[in-house]
Structures are given as C-alpha cells and as structure tokens.
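Q:
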Amino acid sequence: MSILLDKNSRIAIQGITGREAAMVTKHSLDYGTKLLAGVTPGKSGQEVHGVPVYDTLKKAVAIHGINTSVIYVPPAFVYDAVLEAISAGVTLILIATENVPQMDAMKFLASAKKNGVRVIGPNSVGIITPKDRVKVGAIGGDNVERCFVPGGIGVISRSGGMTAESSWLVKRAGYGVSTSVSIGGDALIGTSIKDLLLLYQKDPKTEAVVTFSEPGTHFEEEAAEFMMEGGFTKPLFSFVAGRFTETMPEGTVFGHAGAMISGGTGKPTQKMALLRSAGAHVLERFDDLIPLLKQVLN
16 MSILLDKNSR IAIQGITGRE AAMVTKHSLD YGTKLLAGVT PGKSGQEVHG VPVYDTLKKA
76 VAIHGINTSV IYVPPAFVYD AVLEAISAGV TLILIATENV PQMDAMKFLA SAKKNGVRVI
136 GPNSVGIITP KDRVKVGAIG GDNVERCFVP GGIGVISRSG GMTAESSWLV KRAGYGVSTS
196 VSIGGDALIG TSIKDLLLLY QKDPKTEAVV TFSEPGTHFE EEAAEFMMEG GFTKPLFSFV
256 AGRFTETMPE GTVFGHAGAM ISGGTGKPTQ KMALLRSAGA HVLERFDDLI PLLKQVLN
C-alpha cells in the first residue's frame with residue numbers, strides 16, 4: 016500500500032503550459048501516472064504532451080474526476096490556484112512553487128484545513144509511490160528508478176534533493192520505498208512530519224520511515240512527542256543536517272526559508288536529542304543509514 020498517492024489518484028496540473036510544468040507532464044506520463052488534465056486560463060482546447068488543457072479546474076474535475084492537483088504557477092497566483100482547487104473539490108494539493116507570500120500561505124492553509132483538504136508544500140519537489148508508478152511534481156525526473164524503487168520504507172524530507180538522496184540510500188541498503196514525500200522548504204507548509212507519521216503508521220505495508228531534517232521549525236520536536244505518546248511505533252531513522260549552524264548568528268537562513276534557528280529553538284542538536292529520547296534511530300552521519308537499516312530491519 017502507500018500514503019497520499021496510489022493507482023486511484025486522478026491528477027491535474029494548474030499552470031500546465033509553463034515550461035517546467037510541461038516538462039513534469041512528460042516525465043509523469045512516461046512513468047505511468049494518470050495525469051489527465053491541465054489548467055491554464057485562456058488556453059482551453061490546447062494539449063500538453065497529449066494532456067487536454069482547460070480554462071478552469073472545475074471543468075477538469077467534472078470531465079475527468081480529478082482528485083489531486085499540482086500547482087505550478089508564479090508565487091503571486093498560488094493563493095487563487097489553491098482556493099480554486101479547494102472549491103473544485105480536490106482533496107490533495109501539491110504546491111511546487113517556492114517563496115509563496117506568507118500571508119497568502121496562512122490564509123489558504125487555513126481554508127484547506129477547514130475544508131478537509133491535504134496540502135503538501137509550498138516548495139515541494141513532489142510525491143512518489145513507486146509500486147503504483149504514480150508521481151506528482153518533478154520528483155524522480157526522467158530517471159525515476161535511479162533512486163525510487165518499490166518497497167516498505169517511507170521517506171520524508173523538506174529538501175527535494177534529499178528526498179531523492181534518502182530514497183537512493185534506502186535502495187542501496189537493499190530496500191525500497193512505499194511513498195516518498197518532499198514536504199516543502201517554505202517557512203509555512205501544509206503537512207508536517209508528524210502528520211505523515213500518522214499516515215505511515217496506518218499503512219500496513221510501510222514497515223519503517225526515514226526522515227531528513229534541517230535546522231528550524233518544530234517538526235522534529237512534534238514528531239518526537241508523537242512517538243512518546245505512542246502515535247508512531249514503527250522504526251524511525253532520522254538525520255538532522257546543519258549542526259554547524261548553531262555557531263552562526265541567530266536568524267541566519269540555512270538553505271530553505273524555513274531552515275532558521277530563532278528564539279533558541281530549531282537547533283539540530285536539540286532535535287536529535289529529543290528524537291533519540293523518543294526511541295528514533297538518530298544518525299550521526301547520513302550514510303550511516305545503510306548499515307543501520309540492515310541492522311534494525313533484518
């Protein structure tokens with residue numbers, strides 16, 4: 016099984032006629048994804064790699080039964096695109112766009128929560144479920160099997176590149192992934208590590224989870240508390256990058272907009288200590304993942 020994406024996912028891309036979205040469309044179709052429609056206002060009747068384009072997502076939903084939307088529009092237009100998707104009845108929204116205005120993000124995330132809609136991102140490279148050969152976003156590119164093969168390990172990362180790298184290490188250890196999720200690097204995002212651990216806990220085919228973390232946010236602290244409460248009982252393998260940032264001036268952004276130590280919180284060593292106390296397998300070095308996976312899961 017999997018989380019978020021499976022063979023029943025019916026996907027549309029908002030902003031499909033843009034250069035990056037068109038490339039993602041081709042790669043997704045080549046992989047076998049049911050990418051059924053695209054939306055760009057004023058371009059109804061066109062096609063992108065054979066995928067029909069509509070003026071509104073509402074029409075795409077009515078014709079194709081879309082339940083998942085991927086947003087590739089400029090930051091200033093993400094707010095309207097998300098509200099359009101919520102209004103159209105889409106239940107899963109992935110936002111690939113980065114640097115979305117924070118006030119816009121606050122408003123559309125509140126609206127999504129109110130309407131029971133799952134948002135991944137902003138600034139997410141995508142989600143992939145190899146067993147069903149379905150992916151949304153740029154994740155995996157045009158050579159998916161290099162990093163992503165079917166298996167029982169869930170992968171979570173704010174970084175798109177490290178989502179692939181973590182999945183590649185899982186593959187090198189002799190395992191595969193159930194679903195890999197890039198949760199997004201913007202300061203405000205829709206789905207946290209804890210949220211995904213709850214989904215992986217309920218998935219009988221996910222036997223363990225790997226997380227790649229960064230400085231900033233309270234996501235790891237929340238995950239550790241969730242584990243201590245018994246909410247997640249499967250093996251969790253965690254690496255927290257950026258310990259060197261603790262010697263830098265507070266407020267320095269490390270890579271992503273959300274990767275910032277502020278007010279004495281968000282320090283990698285604090286995250287590592289809490290995760291370790293909750294029972295997670297915390298890695299001192301990222302490539303320790305390979306022998307540790309073998310040791311624990313075998």
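Numbered by this note's numbering, the letters in the sequence shown go through residues 16 to 313 in order. Yeah, the Cβ is synthetic: ideal placement off N, Cα and C, and Gly gets one too. Note that the structure is predicted; figures quoted are calculated from it, not measured.
Could you name the residues of the same chain whose beta carbon sits closer than 6 Å to that of Asp157, not counting the 5 residues immediately before and after it, in chain order?
A: His42
Q: At which residue ranges does the region 201–269 contain complete beta strand (DSSP E) runs of 3 or more residues, listed in the order of the chain?
A: 223–228 and 251–255
Q: At the level of alpha carbons, what is the spacing between Ile143 and Thr194?
A: Cα atoms of Ile143 and Thr194: separation of roughly 6 Å, rounded to the nearest angstrom.
Q: Between the alpha carbons of Ala36 and Tyr69, how many angstroms are there, rounded?
A: 15 Å
Q: Go through its chain and collect everything with a Cβ distance to Lys122's Cβ below 8 Å, but skip five positions before and after it.
A: Tyr94
Q: Leu98 and Gly141 look like a contact to me (Cβ under 8 Å); what is the Cβ gap, rounded to whole Å?
A: The distance from the Cβ of Leu98 to that of Gly141 is about 22 Å, inconsistent with a contact at the 8 Å cut-off.
Q: Tell me which same chain residues have a C-beta within less than 6 Å of the C-beta of Gly80, skipping the five on either side of it?
A: Arg25
Q: Take Ser84 and list the residues in its own chain whose beta-carbon comes closer than 7 Å to its own, dropping the five residues that flank it on each side.
A: Ala27, Gln29, Leu72, Ala100, Val105 and Ile108, listed in sequence order.
Q: Using C-beta distances below 7 Å, list every residue in its chain close to Lys186, excluding the 5 sequence neighbours before and after it, in chain order.
A: Cys162 and Val164
Q: Taking Cβ positions, are Gly53 and Ile31 nearer each other than 7 Å?
A: yes
Q: Alpha carbon to alpha carbon, how far is Ile171 from Ala179? Give it in angstroms, no decimals.
A: 10 Å
Q: Of the choices Gly231, Glu240 and Glu236, whose alpha-carbon is the least far from that of Ala256?
A: Gly231
Q: Given that a residue counts as buried once 16 or more other Cβ atoms are within 10 Å of its Cβ, and exposed if not, what is Met242?
A: buried
Q: Considering Leu109, what are the terminal residues of the beta strand (DSSP E) in which it resides?
A: For Leu109, the enclosing beta strand (DSSP E) starts and ends at Leu107 to Ile110.
Q: Alpha carbon to alpha carbon, how far is Ala188 from Asp147? Give it in angstroms, no decimals.
A: 22 Å
Q: When burial is assigned at 16 or more other CB atoms within 10 Å of the CB, is Thr221 buried or exposed?
A: buried
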